[in-house]
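Following: one structure in structure tokens, then a few remarks.
Number of protein chains: 2
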Amino acid sequence: MAVVLPFDPAAEIDAEPSLEGILTLVRADMERVNALILSRTGSEVTMIPEVAQHLISSGGKRLRPILTLATADLTGYAGDGHIKLAASVEFMHTATLLHDDVVDDSEMRRGKLAARMLWGNEASVLVGDFLLGQAFRMMIEVGNMRALDILSTAAVVIAEGEVAQLAAAKNTATSEDEYLAVIRGKTAELFAAACEVGPVIAGRPKVEQSACRSYGMNLGIAFQLIDDALDYGGSRAKLGKNVGDDFREGKITLPIVLAFRRGNDEERAFWKRCLETGEINEGDLEHAMKLLARHDALADTVDRARHYGAMAKDALGLFADGPAKRALLDVVDFCVARAR
Amino acid sequence: MAVVLPFDPAAEIDAEPSLEGILTLVRADMERVNALILSRTGSEVTMIPEVAQHLISSGGKRLRPILTLATADLTGYAGDGHIKLAASVEFMHTATLLHDDVVDDSEMRRGKLAARMLWGNEASVLVGDFLLGQAFRMMIEVGNMRALDILSTAAVVIAEGEVAQLAAAKNTATSEDEYLAVIRGKTAELFAAACEVGPVIAGRPKVEQSACRSYGMNLGIAFQLIDDALDYGGSRAKLGKNVGDDFREGKITLPIVLAFRRGNDEERAFWKRCLETGEINEGDLEHAMKLLARHDALADTVDRARHYGAMAKDALGLFADGPAKRALLDVVDFCVARAR
């Protein structure tokens, strides 16, 4: 089922957006982060490195730690602390993924079997806890109280967002604002924290810290919205999971929120049956795709993502032009362009 | 099934050991800790306080935060930081319980239905993550780097111990030393950390920090061994769960380690069938109790606990006599005497 998502024709004039710029910018630092990640998943309890590395080595883009390194570069940080903070951010993310898979009963993650399918839910919960603990240890070693505050608050907000999503799950009456509040918590908060700690350890003024935080927050929202759209329109290779997984799991994402509100009573009854009662029959996914298309729900989700992407780019306005700023702007274009 | 566990006749001369002394010692501080616990489980996401307070209000003894308060008192701490550290310790413990129930598929906890039975595994995992995050936030607010280091290391060691137990689960060949390593991680480490941070924030010398840590570590081991024995011999009211739960879950605890090694081939085949393959029939628990009695496995487990209890008491030798020291010594007697 190939659904071509719409995109801004103006964007076509540019070359295909890529992560090349930021990967070049942080290459040397990222090698140190990767070595640190490898060493801090080590344990005499062999199941820990096995489970952790199954996920960590499965080809995630490591976007979050890259953002920490790039914002540290952007704000002229000269020390070593950004390496450990970047690794902490990736561990926090990995811990969240391990726990999410248990919460969602997911079978696949990044195109591989989810860890819980190989080692069980127990191992996913506990290795997640281990990684979260290691994340805190690394942050504490850096010793910057403000960075500690930001990242520990993010850990709380993420968990809160996940519980909120659980409570809102299968509720088709979720409004767009409510949905945005959920993804601010479960996705965008970590992007925001990852970007904020760069200027914080660089000792830059509050206005630069806020600018980087705002960049990360809006990028995170855009990133999640594109993910939501891709779930109904991407290729399996791009997704690392199956098209329609959100549908089968009864997840209320923005495309659904829009289609539900724009639809008629009969359509709303369809969404309720599939997503609230979980009664999904042959052909229902195809019908859902048709309804999404009828109401431009995917196109408008991508449009909303583009809006947050624009906010992310504007947040960096006060920084001088240079390779770090250009690389961070490219990341936004890359994330939004994934939907093409 | 009433199994009378043996106890040291010499102990009978004393009055029934109780927590009265330590509860009186920390009463005023503990009220502040309880208020803090209540306020920090608050969230607009109503499921979070519901789940957290179901467990927190279910009548745990709050032994770990009490230990933090008492060791702070013992070492002359005059500030406010011990309140937040004590609440952090309790949140770390509560998070572990929520995750453990998911890992163990437990139905009961402290005589009530486990949270996961009421709100599902998902909520238990995520609210645990929330509480762990809140624990770190409170520690960070206290701002003592050494205390942060101790508690974050404990979080890692606890998770590592839990994974080690998972890997060793259902392996009747587990040796006593291997089993001790597991319970040092999963139980005693948090006792040790809870006791160590008292003298740390009081700015006391290393020798006092180590003494308190050693007290906590050995008390934690004794506490867990008595728990292991009670699982085969306590009353349901005392346990907050059913007699034989460990047996039905295939948990290898010290009574089993001892009985397995002291038994003959036929007995070992019985333990393997029940605990490794999980094939448990009518009458098997009763037979297990008989084998434990035949080899003095429960009596000797309590004896081992008494040994660690004695080490815990000796660890406090260098502190001057006074209400705090006496209260901490009483805690050891109380924990060991639970097996009566």
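Going down the list, the protein sequences come from chains A and B.
Okay, so the first sequence: first residue is 66 according to the numbering used here, each after it adds one.
Okay, so the second sequence: first residue is 66 according to the numbering used here, each after it adds one.
Virtual Cβ for every residue (Gly too), placed ideally from N, Cα, C.
Query, Result
"Three-way DSSP call (helix, strand, coil) for A/ARG174 in this model", "strand"
"Nearest-angstrom Cβ-Cβ length linking B/ARG251 and B/ILE223, presumed shorter than 8 Å", "Note on identity: in this sequence residue 251 of chain B is Lys, with Arg being the wrong assignment. 6 Å between Cβ atoms; contact."
"Assigned secondary structure, A/PRO74 (DSSP; H/G/I helix, E/B strand, else coil)", "Since pLDDT at A/PRO74 reaches only 45, below the 50 mark, its modelled position is unreliable, and the value read off the structure follows with that caveat. Helix at A/PRO74."
"Proximal residues, the segment 204-231 of chain A versus chain B, C-beta separation under 7 Å", "ILE205, GLY208, MET210, LEU213, ASP214, SER217, THR218, ALA220, VAL221, ALA224, GLU225, GLU227, VAL228, ALA229 and LEU231"
"is_contact[B/VAL167, chain A] using C-beta, thresh 8 Å", "yes"
"Simplified DSSP assignment, three categories, for A/GLY382", "coil"
"Segment limits, alpha helix (DSSP H) that includes A/ALA179", "Segment: none, A/ALA179 is in no alpha helix (DSSP H) and carries neither H nor E."
"For B/ASP166, the nearest candidate out of B/GLY146, B/SER189, B/PHE156 and B/VAL154 (CA to CA)", "B/SER189"
"Contiguous alpha helix (DSSP H) assignments of at least 4 residues, all confined to the segment 310-373 of chain A", "310-313, 319-327, 330-336 and 349-359"
"Chain A within 8 Å of B/ASP310, Cβ atoms only", "no"
"Min CB distance A/MET66 to chain B below 8 Å", "Summary for A/MET66: the model assigns pLDDT 41, below 50, so the residue's position carries little reliability, and this model does not support an answer."
"Residues that A/ARG202 contacts on chain B, provided the C-beta gap is smaller than 7 Å", "SER217, THR218 and VAL221"
"Coarse secondary structure for B/TYR142, derived from DSSP in three states", "coil"
"Which of helix, strand or coil DSSP assigns to A/SER108", "coil"
"Cβ shell of B/SER171 (< 6 Å), same chain only, five flanking positions each side left out", "ALA179"
"Close Cβ partners of B/ILE266 (< 8 Å) along its chain, the five nearest in sequence each way excluded", "ALA137, TYR142, GLY144, GLY146, HIS147, LEU150, VAL207, ASN209 and ALA212"
"Residue from B/THR111, B/VAL116 and B/ARG127 whose Cα sits closest to the Cα of B/GLU96", "B/ARG127"
"B/LEU191 at chain A interface by Cβ criterion, 8 Å", "yes"
"Proximity to B/ALA230 [Cα-Cα], best of A/VAL221, A/ARG278 and A/MET112", "Inspection of the sequence shows that residue 230 of chain B is occupied by Gln rather than by Ala. Answer by Cα proximity: A/MET112."
"Where the alpha helix (DSSP H) containing B/LYS235 begins and where it ends", "Element bounds for B/LYS235: n/a, residue is neither H nor E."
"Of the listed residues A/LEU101, A/LEU162 and A/SER240, nearest to A/ARG174 (C-alpha basis)", "A/LEU162"
"Where B/HIS164 falls, given that 16 or more other Cβ within 10 Å makes a residue buried", "buried"
"Chain-ordered residues of the segment 103-118 of chain A with a beta carbon less than 9 Å from chain B", "SER108, GLU109, VAL110, THR111, MET112, ILE113 and VAL116"
"Closest Cα partner of B/LEU134 within the set B/VAL154, B/VAL91 and B/VAL116", "B/VAL91"
"For B/LYS251, three-class secondary structure by DSSP", "helix"
"Inter-residue CB distance, A/ALA117 and A/LEU196 (contact presumed, cutoff 8 Å)", "6 Å"
"Cβ-Cβ separation, A/HIS360 to A/ALA406 (assumed contact under 8 Å), whole Å", "Since the first residue of chain A shown is 66 and the last is 405, residue 406 of chain A is not available in this structure."
"B/ASP379 to B/ARG391 span [Cα, whole Å]", "12 Å"
"Residue burial classification, A/ASP395 (beta-carbon count within 10 angstroms, cutoff 16)", "buried"
"Presumed contact (8 Å Cβ cut-off) between B/GLU332 and B/LEU356, rounded CB distance", "6 Å"
"8 Å contact criterion, which B/ALA404 and B/ALA259 should meet: CB distance rounded", "Not really, about 22 Å apart at Cβ, beyond 8 Å."
"Below-8 Å beta-carbon distance, A/ALA75 vs any chain B residue", "Per-residue confidence for A/ALA75 stands at a pLDDT of 46, beneath the threshold of 50, marking its modelled position as unreliable; the derived number appears in the next sentence. No, its Cβ sits nowhere closer than 8 Å to a Cβ of chain B."
"Closest by C-alpha distance to A/PHE256, when choosing among A/LEU101, A/GLU115 and A/ALA276", "A/ALA276"
"Rounded Cβ spacing between B/PHE201 and A/PHE288 (contact assumed at less than 8 Å)", "So it is not a contact: roughly 25 Å between Cβ atoms."
"Neighbour list for A/ASP242 in chain B, Cβ cutoff strictly below 8 Å", "Within 8 Å Cβ-Cβ: nothing; A/ASP242 doesn't reach chain B, min ~14 Å."
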